[in-house]
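J.:
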Amino acid sequence: MKASEVLNDLKRRFPNEPEYLQAVEEVITTIEEEYNKHPEFERYNLIERLCLPDRIFSFRISWVDDKGKVQNNMGYRIQHNNAIGPYKGGIRFHSSVNQSILKFLAFEQTFKNSLTTLPMGGGKGGSDFNPKGKSDMEVMRFCQAYVAELWRHIGAETDVPAGDIGVGGREVGYMYGYYKKMARENTGTFTGKGLEFGGSLVRPEATGYGNVYFLLNMLATRGIDIKGKKVAISGSGNVATYTAKKLLSLGAKVVTMSDSNGTIYVPDGITEEQLDYIFKLKNIYRGRIKEFAEEYDCEYFDGERPWKVKCDIAMPSATQNELDGDDAKMLLENGVIAVSEGANMPSTPEAVRQFLEAKILYAPGKAANAGGVSVSGLEMAQNSQKFSWSAEEVDAKLQSIMKNIHEQCVKYGTEADGTVNYVKGANVAGFMKVAKAMMAQGII
Ligand code: NDP
């Protein structure tokens with residue numbers, strides 16, 4: 198089938214999976230030209246095989262809350278494609294989680310992992326469990342119940358999960374502990390582990406730092422210095438806080454951060470001490486970003502996203518479709534020069550269209566946020582060697598991987614007028630590697 202026919206067919210077969218179809222459409226429309234240069238791909242119906250996940254596990258998770266009440270959630274693991282290495286991708290715990298969202302994330306992950314230069318296939322998992330307001334013991338019991346079902350499908354050489362929204366070091370620790378007990382092995386079948394039991398230095402920082410490294414590579418193509426630039430960040434979780442930390446160390450001003458309830462606005466930029474407060478607020482007290490506004494008496498936009506404020510750079514780092522066409526219009530009117538995505542698919546197709554048309558520096562998540570999974574890949578490498586690298590070594594490797602991803606985007610995404618379409622570049626580069634591996638391995 199032709200690439201466009203595959204898309205129409207998927208729309209017919211999965212009409213209730215809008216996020217999955219959105220992600221597939223973006224990739225298919227940007228790789229179609231390259232795909233059509235290879236008639237052998239069509240003969241092997243490669244694109245359809247690449248869009249459909251290898252397999253999906255879905256299961257009920259029953260657990261007991263602190264009041265002794267039995268709670269039931271749905272759990273999933275999508276093993277999307279393992280042509281270039283074991284399935285690899287995070288676990289998301291959020292009330293919005295469903296099969297469409299995880300299928301989009303696993304699909305995206307396949308291309309992202311391909312770009313990292315490391316041997317990792319794509320996967321994603323999660324549950325509609327909402328960790329907000331749960332006690333530590335409830336989170337632990339839930340993680341154990343999730344892994345009681347999942348453990349038989351994963352392994353260091355088959356499928357290696359990690360964190361994502363709602364899953365940080367605490368949750369990975371509980372899941373890995375239970376996995377180890379069930380599987381009776383200790384090879385590191387999770388990344389984002391604690392440093393005491395196989396985790397890698399710089400893994401918590403990697404997605405945020407990596408996004409800033411990618412941004413620096415983009416800015417360098419236009420000779421722009423990051424120092425003094427005003428940056429609007431959304432989110433206040435793992436990706437957002439470490440993005441902010443690296444930006445502050447480079448002399449940029451972080452003017453916003455947010456959560457699902459609202460946005461804080463600090464026109465002169467938040468300080469390191471204030472960022473430290475946000476980190477504690479989110480990870481220790483598990484509070485809301487509004488408390489920051491109360492503590493430091495700054496502006497708070499209740500129920501609003503950050504994109505209306507004046508900034509030079511936007512780094513959406515919360516969730517999918519959090520920046521729409523109106524937001525993009527406002528950012529462009531306010532003179533934004535770069536948008537680098539920490540979250541997965543945070544910009545809607547209309548927002549992406551506007552960024553590309555305006556020819557600003559726009560990096561899609563699958564390139565810009567690949568630093569997280571890259572250091573996860575380095576964690577797997579260290580676990581296999583039973584050896585660990587220093588923070589400097591890991592950070593140097595991360596910087597070199599992000600530079601390499603940037604180069605791949607430039608190679609495949611440079612337009613006739615010399616500007617770089619990073620969406621096309623990332624999609625074509627990510628696709629070609631997986632496609633060649635699939636062709637070499639036959640119909641399986
Ligand atoms: P966290 O759970 O640590 O933080 C998520 C942040 O986003 C929180 O501030 C949260 O606010 C906010 N958020 C979540 N859902 C929504 C929503 N529906 N609307 C508005 N705000 C929301 O997750 P991460 O920082 O790990 O992940 C953030 C993004 O980065 C996700 O898209 C993830 O897929 C992506 N990513 C993460 C990687 C990683 O290594 N962790 C790697 C690559 C990509 P609240 O507390 O109110 O929910």
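Position one of the sequence shown corresponds to residue 198 (this note's numbering), numbered consecutively onward. For glycine and all other residues, C-beta sits at the position ideal for the given N, C-alpha and C.
#1: Would you mind working out which of M542, S514 and K505 sits nearest V533, comparing C-alpha positions?
#2: Mapping DSSP to helix, strand and coil, what is N458?
#3: Please find out if some non-hydrogen atom of ligand 3 comes closer than 7 angstroms to the beta-carbon of D456.
#4: Nearest to D325 by alpha carbon, out of P212, L299 and S455?
#5: Counting pairs of beta carbons, one from the region 326-335 and one from the region 232-240, are three or more of them closer than 8 angstroms?
#6: Quick check on DSSP: helix, strand or coil for K473?
#7: So which of D251, N242 and V409 has the shortest CA-CA distance to A437?
#8: So what does DSSP say about P622, is it helix, strand or coil?
#9: Any chance the CB of N541 is under 7 angstroms from a heavy atom of ligand 1?
#10: According to the Cβ coordinates, are G320 and Y371 closer than 8 angstroms?
#11: Specify whether the region 561-576 and the region 589-601 touch according to this definition: at least 3 beta carbon pairs, one from each stretch, less than 8 angstroms apart.
#12: Distance check for G420 and P503, CA to CA, integer angstroms please.
#13: Which runs of the beta strand (DSSP E), 3 residues or longer, sit entirely within the region 264-314?
#14: I need the boundaries of the beta strand (DSSP E) containing F256, first residue and last residue.
#15: Judging by CA-CA distance, which residue of S457, N458 and E496 is the nearest neighbour of G466?
#16: Under 8 angstroms between C-beta atoms, does E335 make it to chain C?
#17: Just to confirm, is the Cβ distance from G396 to K443 under 8 angstroms?
#18: Helix, strand or coil for V436? Go by DSSP, reduced to three states.
#19: Nearest-angstrom Cα distance between D592 and V399?
#20: Verify whether the separation of the beta carbon atoms of G158 and K424 is less than 8 angstroms.
#21: Taking Cβ to Cβ, would you say D521 is nearer than 8 angstroms to E538?
#22: Hey, quick one: how far does the alpha helix (DSSP H) through L413 stretch, first residue to last?
#23: Quick check: Y343 and G391, are their CB atoms within less than 8 angstroms of each other?
#24: Cβ of E554 within 7 angstroms of any heavy atom in ligand 1?
#25: Along the chain, where does the beta strand (DSSP E) containing E496 start, and where does it finish?
#26: Which residues mark the beginning and the end of the alpha helix (DSSP H) in which M379 is found?
#27: Sort A564, Q582 and K583 by Cα distance to F628 and report the nearest one.
#28: Suppose the cutoff is 6 angstroms on Cβ atoms and the five residues either side in sequence are ignored; what does the same chain contact list for N624 look like?
#29: Does at least one heavy atom of ligand 1 sit under 7 angstroms from the Cβ of Q517?
#30: Taking 7 angstroms as the cut-off, does the CB of D592 come closer than this to any heavy atom belonging to ligand 1?
#31: According to DSSP, is G322 helix, strand or coil?
#32: Count the other C-beta atoms from every protein chain shown that fall within 10 angstroms of the C-beta of K378, then say buried if there are 16 or more, exposed otherwise.
#33: Could you check which residue in K427, A417, G352 and I510 has the C-alpha nearest to that of S581?
#34: With respect to 7 angstroms, is the separation between the Cβ of G569 and the closest non-hydrogen atom of ligand 1 below this value?
#35: Would you check if the distance between the CB atom of I258 and the CB atom of V203 is smaller than 8 angstroms?
#36: Rounded to the nearest angstrom, how far is the Cβ of A441 from that of L416, given a contact under 8 angstroms?
T.: Reading it off the structure:
#1: K505
#2: coil
#3: For ligand 3, the structure offers nothing, since it holds only ligand 1.
#4: L299
#5: no
#6: According to the sequence shown, residue 473 is Asp rather than Lys. In this structure, D473 counts as helix in the three-state DSSP scheme.
#7: V409
#8: For clarity, residue 622 is Gly in the given sequence; the question names Pro instead. Of the three classes helix, strand and coil, the one that applies to G622 here is helix, per DSSP.
#9: yes
#10: no
#11: With the cut-off at 8 angstroms, the region 561-576 and the region 589-601 touch.
#12: If you draw a straight line from the Cα of P503 to the Cα of G420, it is about 27 angstroms long.
#13: 267-278 and 284-290
#14: R252 to V261
#15: E496
#16: Among the protein chains of the structure shown there is no chain C, as only one such chain exists.
#17: no
#18: helix
#19: V399 has its alpha-carbon roughly 7 angstroms from the corresponding atom of D592.
#20: Shown here, the chain extends from 198 to 641; a query on residue 158 therefore has no answer.
#21: With contacts defined by Cβ atoms closer than 8 angstroms, D521 and E538 do not form a contacting pair.
#22: R400 to A417
#23: no
#24: no
#25: E496 to D499
#26: G366 to A380
#27: A564
#28: V224, T227 and I228
#29: Yes, ligand 1 has a heavy atom inside 7 angstroms of this Cβ.
#30: Proximity of the beta carbon of D592 to ligand 1 is not indicated: no heavy atom of the ligand is located closer than 7 angstroms.
#31: Of the three classes helix, strand and coil, the one that applies to G322 here is strand, per DSSP.
#32: exposed
#33: G352
#34: yes
#35: Contact flag unset, no.
#36: Wrong, their Cβ atoms sit about 17 angstroms apart, outside the cutoff.
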